[in-house]
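If you read the sequences in order, they're chains R and F.
Residue numbering for the first sequence follows the working numbering, beginning at 1335 and increasing consecutively.
Residue numbering for the second sequence follows the working numbering, beginning at 1335 and increasing consecutively.
Number of protein chains: 2
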Amino acid sequence: MSLKHALLGFLNYGSMTGYELKKIFDPSIGHFWNAELSQMYPTLKQLESEGLVEMEVEVQADKPNRKVYSITDDGARELSDWLTQPATHVQIREPLMIKVFFGASLPKGELIAVLRHRADELRQTIEAQEQGRVLIGKFAGTFGLDRAGFFWDLTVDAGLKHYSAGIEWIEAAIDKIERLDESFFDAERSRVDAIDVRRAMEMLDKLKTEMPEVFAGLTTRE
Amino acid sequence: MSLKHALLGFLNYGSMTGYELKKIFDPSIGHFWNAELSQMYPTLKQLESEGLVEMEVEVQADKPNRKVYSITDDGARELSDWLTQPATHVQIREPLMIKVFFGASLPKGELIAVLRHRADELRQTIEAQEQGRVLIGKFAGTFGLDRAGFFWDLTVDAGLKHYSAGIEWIEAAIDKIERLDESFFDAERSRVDAIDVRRAMEMLDKLKTEMPEVFAGLTTRE
DNA sequence: TCCAACATGTAACCGGTTACATGATTCA
DNA sequence: TGAATCATGTAACCGGTTACATGTTGGA
Chain R
1335 MSLKHALLGF LNYGSMTGYE LKKIFDPSIG HFWNAELSQM YPTLKQLESE GLVEMEVEVQ
1395 ADKPNRKVYS ITDDGARELS DWLTQPATHV QIREPLMIKV FFGASLPKGE LIAVLRHRAD
1455 ELRQTIEAQE QGRVLIGKFA GTFGLDRAGF FWDLTVDAGL KHYSAGIEWI EAAIDKIERL
1515 DESFFDAERS RVDAIDVRRA MEMLDKLKTE MPEVFAGLTT RE
Chain F
1335 MSLKHALLGF LNYGSMTGYE LKKIFDPSIG HFWNAELSQM YPTLKQLESE GLVEMEVEVQ
1395 ADKPNRKVYS ITDDGARELS DWLTQPATHV QIREPLMIKV FFGASLPKGE LIAVLRHRAD
1455 ELRQTIEAQE QGRVLIGKFA GTFGLDRAGF FWDLTVDAGL KHYSAGIEWI EAAIDKIERL
1515 DESFFDAERS RVDAIDVRRA MEMLDKLKTE MPEVFAGLTT RE
């Protein structure tokens, strides 16, 4: 579970409470890993029971007590072990792609609208990220966190690259779609390309036996 | 839930069983939406109870009976409604980015190794996708599914673009990291950049009040 | 006066994964 | 003979989301 290690990573910078973790978490790695407080608290408890962090109650007269978590030696070891292992990756899930895949089932204009909408969202995200970068610089600089700042920046780069690639793809896709004839689409919304499933299955099987390498490649989970 | 609509999308092509859905699902949209049979069966049942699909048992003497699902008019309506709505998107979760973010906590060489490993994986994925594209062409062409084939292809484009962007970013990142001095990293694996969390929090708050627009942008969930 | 911030949680739910179960047929 | 394919599921688990609960302090 990556959340555990993200928390360890932050606690490796210094001891803090769940509440503070949330506050530092969101603006820094929130763009590629979200976590709610309601998930953090039990996760911290779990880390404690595993001996990877320690907790100390800080009594406060005026405000509720704080539970300050610190990383242990075991925790630091676990963190660097995890960091050096190859990264796993989560199954990609893209509802937009499902819509595009079944694009023939909706009118041309509507499909393009859906794509444009997503492109707009992506542009907004990019703008937000770029503004955020300013903040990152200020924040990291103020604390002499040059090292942390450098890597922070790299992850923002990744995000920006990812989003721009998305926009480029959408623009190219819209272009291709616009060149299609209206008849290509299923204007009356009846069955599109009704297929004989049995025959299709036979065909798939045939391809599978005839060119197994290709099929193996195709089904390889990314 | 996108799975429901993906199933409706396929059933809109023709009636089939859960087992067949799985077989057509994997090679076509498996690269951006995975689903196990153990999830499909109950989902189909749910769709049936919602009146979006109908089921007919096809008795087979030699093999187990088949439950053939067909889309209903309500189902077709639900599908095209869903298709025309703007796509939601799933929170991005990138364990690799967490590793990069805490990159200062591991030796330079190890961080680069992690990145290279991921780049290799991406290259393999791209190769598989490109081979798969051949299959797609054959399969779609055979059935006169030109329309379906066209959109299928678009989604493959998206995947390829996404993966190449990933590789490009990794290569640039490795480049930047390689230019860093060894001292930039935390060779002895002690605390990196220990920070005074309270002061950091104060600073964050100050930035938040001084330049709220930037912060708003930053925390906007993508 | 009312809302935001501080600070901690619990509980229900939900989508998805993994493991397990069953039992026939066909092909290497 | 034993693995793969056909064909259907159930059950436990897991990470994450949403909703709810509690009680204080300080500022608009």
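C-beta: ideal position from N, C-alpha, C; glycine also.
Given residue i, which residues of its chain have a CB within under 7 Å of its CB, disregarding the five upstream and five downstream residues?
i, result
"residue 1559(F)", "With chain F covering 1335 to 1556 only, the question about residue 1559(F) has no answer from this structure."
"residue 1425(F)", "none"
"residue 1500(R)", "1456"
"residue 1356(F)", "1371 and 1374"
"residue 1394(F)", "1400"
Go ahead and pull the three-state DSSP assignment for residue i.
i, result
"residue 1384(F)", "coil"
"residue 1452(F)", "helix"
"residue 1531(F)", "helix"
"residue 1370(F)", "coil"
"residue 1537(F)", "helix"
"residue 1342(F)", "helix"
I'd like to know whether the C-beta of residue i is nearer than 8 Å to at least one C-beta of chain R.
i, result
"residue 1488(F)", "yes"
"residue 1363(F)", "yes"
"residue 1556(F)", "Because residue 1556(F) sits at a pLDDT of 42, beneath the cut-off of 50, its placement in the model cannot be relied upon, and the point is left open."
"residue 1529(F)", "yes"
"residue 1502(F)", "yes"
"residue 1383(F)", "no"
"residue 1427(F)", "yes"
"residue 1403(F)", "no"
"residue 1436(F)", "yes"
"residue 1359(F)", "no"
"residue 1499(F)", "yes"
"residue 1457(F)", "no"
"residue 1567(F)", "For residue 1567(F) there is no data in the structure shown, the boundaries of chain F being 1335 and 1556."
"residue 1378(F)", "no"
"residue 1475(F)", "no"
Are the CB atoms of residue i and residue j nearer to each other than 8 Å?
i, j, result
"residue 1490(R)", "residue 1467(R)", "yes"
"residue 1518(R)", "residue 1541(F)", "no"
"residue 1378(R)", "residue 1403(R)", "yes"
"residue 1358(R)", "residue 1340(R)", "no"
"residue 1438(R)", "residue 1488(F)", "no"
"residue 1427(R)", "residue 1486(F)", "no"
"residue 1444(F)", "residue 1418(R)", "yes"
"residue 1483(F)", "residue 1475(F)", "yes"
"residue 1342(R)", "residue 1371(R)", "no"
"residue 1376(R)", "residue 1422(F)", "no"
"residue 1502(F)", "residue 1495(R)", "yes"
For residue i, collect the residues of the same chain with a Cβ closer than 8 Å to its Cβ; drop the 5 residues on either side in sequence, then sort them by chain order.
i, result
"residue 1373(R)", "1337"
"residue 1446(F)", "1508, 1511 and 1512"
"residue 1381(F)", "1338, 1341, 1342, 1387, 1403 and 1409"
"residue 1345(F)", "1355, 1387, 1403, 1404, 1405 and 1409"
Counting only C-beta atoms, is residue i closer than 8 Å to chain F at any point?
i, result
"residue 1446(R)", "no"
"residue 1452(R)", "yes"
"residue 1491(R)", "yes"
"residue 1368(R)", "yes"
"residue 1536(R)", "no"
"residue 1348(R)", "yes"
"residue 1508(R)", "no"
"residue 1406(R)", "no"
If you drop the 5 nearest sequence neighbours on each side, which residues of the same chain put their C-beta closer than 6 Å to that of residue i?
i, result
"residue 1388(R)", "1404 and 1406"
Query raised in the report: Could you give the uninterrupted runs of the alpha helix (DSSP H) lying entirely in the stretch 1394-1449 of chain R, keeping only those of 4 residues or more?
Result: Qualifying alpha helix (DSSP H) stretches, in chain order: 1407-1418 and 1429-1435.
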